[in-house]
Amino acid sequence: MTHTIIIETKDDKDFELIKGLANRLGLPVAERHTEELSKMQEDSFMKLFGSWESDALAA
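Written out as structure tokens, the structure reads:
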């Protein structure tokens, strides 16, 4: 079974520390760097998906 942890940081030093720890533990690391969303992009996203709820939570 594979477990995934997503860690978000805006600080490059923190990112390198976490990445270094994962490497020392022998864990695979995948990086994705993104720019911050603009207010208009955030509003559009929330308008489209903001009220969505998974059926899995209804159980």
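Position one of the sequence shown corresponds to residue 8 (the working numbering), numbered consecutively onward. We put the beta carbon where it would ideally sit given N, CA and C, even for glycine. Computed from a predicted structure; not experimentally measured.
Relative to the C-alpha of His10, which candidate in Val36, Lys17, Arg31 has its C-alpha closest?
Walking along the sequence shown from the start, residue 10 turns up at place 3. If you compare the alpha carbons of Val36, Lys17, Arg31 with that of His10, the shortest gap goes to Val36.
Could you compute how far the alpha carbon of Phe52 sits from the alpha carbon of Ile12?
Against the sequence shown, residue 52 aligns to sequence position 45. Against the sequence shown, residue 12 aligns to sequence position 5. Taking the straight line from one Cα to the other gives about 23 Å.
DSSP three-state assignment for Leu28, whether helix, strand or coil
Translated into positions along the sequence shown, residue 28 becomes position 21. Here Leu28 sits in helix by DSSP.
What number of angstroms, rounded off, separates the C-alpha of Met47 from the C-alpha of Glu23?
As a working mapping, residue 47 is identified with position 40 in the sequence shown. As a working mapping, residue 23 is identified with position 16 in the sequence shown. For Met47 and Glu23, the distance between alpha carbons rounds to 31 Å.
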